[in-house]
Amino acid sequence: MGRLNQRVAIVTQARSGAGVGAGIAARLKNEGATVITVDAMPESKAAAERVAAAALADYGRIDILVNASDETAAFAPLESKTDAVAPDAQRVLWMMQAVYPAMRAQQSGRIVNLVATLGDSLNRQAADTVAASEAIKSLTRSAAEEWGQYNILVNALAPAADTENFRRLRLAAPEAVDALIAGTPMQRMGDPVDDIGGAVMLLIGEAGRFLTGHVLYADGGQHLTPTPYEALVPMH
Amino acid sequence: MAQLDGKVVIVTGGSEGIGFGIVQKLASDGAKVVFCSRSADKGSKAMQQLGEAGLEADYLQADVGVREQAESVVRVAAERYGRIDGLVNNAQAEWKWVAVEDKTEDAYDKALSSGFHASRWLMNAVFPHYRQQGCGRVINFGSRRAVYGAKLSAEYNSTKEAIRGLTLSAAREWGRYNITVNVICPACESAATIVYMQNNPEMAARTLLAIPMRRLGKPVEDLGALVAGLLTEDARFITGQAFFADGGLHLKRPE
Numbered sequence: 001m002g003r004l005n006q007r008v009a010i011v012t013q014a015r016s017g018a019g020v021g022a023g024i025a026a027r028l029k030n031e032g033a034t035v036i037t038v039d040a041m042p043e044s045k046a047a048a049e050r051v052a053a054a055a056l057a058d059y060g061r062i063d064i065l066v067n068a069s070d071e072t073a074a075f076a077p078l079e080s081k082t083d084a085v086a087p088d089a090q091r092v093l094w095m096m097q098a099v100y101p102a103m104r105a106q107q108s109g110r111i112v113n114l115v116a117t118l119g120d121s122l123n124r125q126a127a128d129t130v131a132a133s134e135a136i137k138s139l140t141r142s143a144a145e146e147w148g149q150y151n152i153l154v155n156a157l158a159p160a161a162d163t164e165n166f167r168r169l170r171l172a173a174p175e176a177v178d179a180l181i182a183g184t185p186m187q188r189m190g191d192p193v194d195d196i197g198g199a200v201m202l203l204i205g206e207a208g209r210f211l212t213g214h215v216l217y218a219d220g221g222q223h224l225t226p227t228p229y230e231a232l233v234p235m236h
Numbered sequence: 001m002a003q004l005d006g007k008v009v010i011v012t013g014g015s016e017g018i019g020f021g022i023v024q025k026l027a028s029d030g031a032k033v034v035f036c037s038r039s040a041d042k043g044s045k046a047m048q049q050l051g052e053a054g055l056e057a058d059y060l061q062a063d064v065g066v067r068e069q070a071e072s073v074v075r076v077a078a079e080r081y082g083r084i085d086g087l088v089n090n091a092q093a094e095w096k097w098v099a100v101e102d103k104t105e106d107a108y109d110k111a112l113s114s115g116f117h118a119s120r121w122l123m124n125a126v127f128p129h130y131r132q133q134g135c136g137r138v139i140n141f142g143s144r145r146a147v148y149g150a151k152l153s154a155e156y157n158s159t160k161e162a163i164r165g166l167t168l169s170a171a172r173e174w175g176r177y178n179i180t181v182n183v184i185c186p187a188c189e190s191a192a193t194i195v196y197m198q199n200n201p202e203m204a205a206r207t208l209l210a211i212p213m214r215r216l217g218k219p220v221e222d223l224g225a226l227v228a229g230l231l232t233e234d235a236r237f238i239t240g241q242a243f244f245a246d247g248g249l250h251l252k253r254p255e
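If you're matching them up, the sequences are chains Y and U in order. Per the working numbering, the very first residue in the first sequence carries number 1; after that it's consecutive. Per the working numbering, the very first residue in the second sequence carries number 1; after that it's consecutive.
Shown next as structure tokens:
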């Protein structure tokens, strides 16, 4: 008997492969949940609503929403950034709005929004990624405050995960990445299923009954340490 | 199989309030709990309640604000069970509502010894066991009041922020030994808050309205469940964190 039997979860940005979203989706399935995976974040409010409507039509409820994103920053100087600021945050808001009526009707729901672990300390050349991440944290707090009365709990999760993107970064800058891991208190990256999935289990399980509006770092303490980003990001 | 089967966990200040809620939850989830408090009377009352609920635990009378007594709790637990998996530093003397400039030496001594010094003495005492085992968990207790400097409780606030600082330092230094160290800042009901709220319904309504979840935490179901979760494999990669177990109250600043 799984811990999440009878529970229905939507995981966005859960492309197959070794990303955080895929790892979390696999973990929730292993624990017995019915998991609806969405490959990418929705490109419109209507698209988000279609995801929620399909889940309700098939399973009758939505207990858990995980907005995963596993985008490694495309490093470039501020003056060259061209995209709109924080489009990912807009998509997270659409997804939260889409599941809200069902969760409110149920008087229960758990939402976990993934954010960047290095958002606080890697500001250089990653302005768009960091802005989106900070906006998602802010949306998380607003939703926690407004929806807590309906027993809808909303938290952000900042992972340090050993994903495909991370392994690509490691190939590109092996010394810097080794220094990052050596400087991490637990001296390793997290497994997407066991470590990051475990942190999600805490937030959506019994342990998380009274936690809302948080940014939880599942990172072996990495957020406390200096980032060797001079070595990761080329100087201009 | 219960989620904490076989785990040995020490809980300080465990005979009433949040501490007793944690003891009950950990025991019912299968842990071998060794808990202590200053008052043997309260301890035997707690043991009686546990027995009536069909739960087992070990009680030790100890004032963890005294170094030898704090260390003896770890010694007894290790001798009895051969290992220690978790330490829950919950004990803390209550504060008196007094202005900063009027706080006494005694007030600071009591706050610091029962909270901060006790936490570090116990952490240092479990550390050799954790290192030898290759794993261990520490869960300390801080306070949202302290994070934001709430009025008239300076000795308590200072102590709680010292505990949070100790938590971060230990998390960074002990992570390499697979030891995690976290701190919980709770908003929880107690016998005193229940009576107060019954007698002051308007004030109670205002208090609850400030909490996004519109309720206070429950010692067993909320705080106990969080501590239990932090002792499981789910939390093995989480360290150096403050958990505001308060239904979202931390999003607002205290008076």
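Glycine included, C-beta positions come from ideal geometry on N, C-alpha and C.
Here residue 200(U) is exposed. Its C-beta has fewer than 16 other C-beta atoms within 10 Å.
Under the three-state reduction of DSSP output, residue 77(Y) falls in the coil class, being neither helix nor strand. Following the DSSP letters along the chain, one finds residue 61(Y) in no beta strand (DSSP E), marked with neither H nor E. For the pair residue 151(Y) and residue 67(Y), the Cα-to-Cα distance works out to about 19 Å.
The three-state reading of DSSP puts residue 111(Y) in strand, counting E and B together. For residue 112(U), the closest Cβ of chain Y is not nearer than 8 Å. In the displayed model, residue 167(U) falls within a helix according to three-state DSSP.
Minimum Cα-Cα distance from residue 125(Y) among the listed residues 233(Y), 8(Y), 100(Y) corresponds to 233(Y).
Not a single C-beta of chain U is nearer than 8 Å to the C-beta of residue 103(Y).
The three-state reading of DSSP puts residue 87(U) in strand, counting E and B together. Runs of the alpha helix (DSSP H) lying entirely within the segment 64-150 of chain U, each at least 4 residues long, are 67-81, 105-111, 118-133, 144-147 in chain order. Here DSSP, grouped into helix, strand and coil, assigns residue 162(Y) to coil. Boundaries of the beta strand (DSSP E) harbouring residue 37(U): 32-37, taken from the DSSP string. In this structure, the beta-carbon distance from residue 60(Y) to residue 163(Y) does not fall below 8 Å.
The beta-bridge partner set that DSSP reports for residue 10(Y) consists of 36(Y), 65(Y).
Those residues of the segment 204-223 of chain U placed with their C-beta closer than 7 Å to a C-beta in chain Y are 212, 213, 214, 217, 221, 222, ordered along the chain. With a beta-carbon spacing of about 11 Å, residue 5(U) and residue 231(U) fall beyond the 8 Å limit used to define contacts.
Nearest to residue 178(U) by C-alpha distance, out of 157(U), 69(U), 235(U), 228(U), is 235(U). For residue 106(Y), there is no enclosing beta strand (DSSP E); the residue is found in the alpha helix (DSSP H) stretching over 87-106. Counting C-beta pairs with one atom in each stretch, the segment 35-45 of chain U and the segment 57-68 of chain U have three or more that are closer than 8 Å, which means they touch. Per DSSP, residue 191(U) has no beta-bridge partner at all. For residue 61(U), the enclosing beta strand (DSSP E) stretches over residues 58-61.
Around residue 221(Y), the beta-carbon contacts reaching into chain U at under 7 Å are 171, 172, 175, 239, 240.
Counting other Cβ atoms within 10 Å of its Cβ, residue 102(U) stays below 16 and is therefore classed as exposed. Taking the CA atoms as reference points, residue 27(Y) sits about 18 Å from residue 109(Y).
Sequence-distant Cβ neighbours of residue 189(Y) in its own chain, meaning closer than 8 Å and more than five residues away, are 160, 161, 162, 166, 181, 220.
With contacts defined as CB atoms closer than 8 Å, residue 141(U) and residue 183(U) qualify as a contacting pair. Between residue 168(U) and residue 97(U), the C-beta spacing is not below 8 Å. Closest by C-alpha distance to residue 155(Y), out of 41(Y), 202(Y), 55(Y), 185(Y), is 202(Y). In the structure shown, the three-state DSSP call for residue 159(U) is helix.
With at least 16 other beta carbons inside 10 angstroms of its own, residue 143(U) counts as buried. Remark: fewer than three beta-carbon pairs, one from each stretch, lie closer than 8 Å, so the segment 235-244 of chain U and the segment 132-147 of chain Y are not flagged as touching. Taking C-beta atoms under 8 Å as the contact rule, residue 56(Y) and residue 111(Y) fail to qualify, at a distance of about 16 Å. Identification of chain Y residues near residue 234(U) by a Cβ-Cβ cut-off of 8 Å yields 198, 199, 201, 202, 205, 207, ordered along the chain. When Cβ-Cβ separations below 8 Å define contact, residue 250(U) makes contact with chain Y.
Boundaries for residue 204(Y): no beta strand (DSSP E) harbours it, while the alpha helix (DSSP H) harbouring it runs 197-204, taken from the DSSP string.
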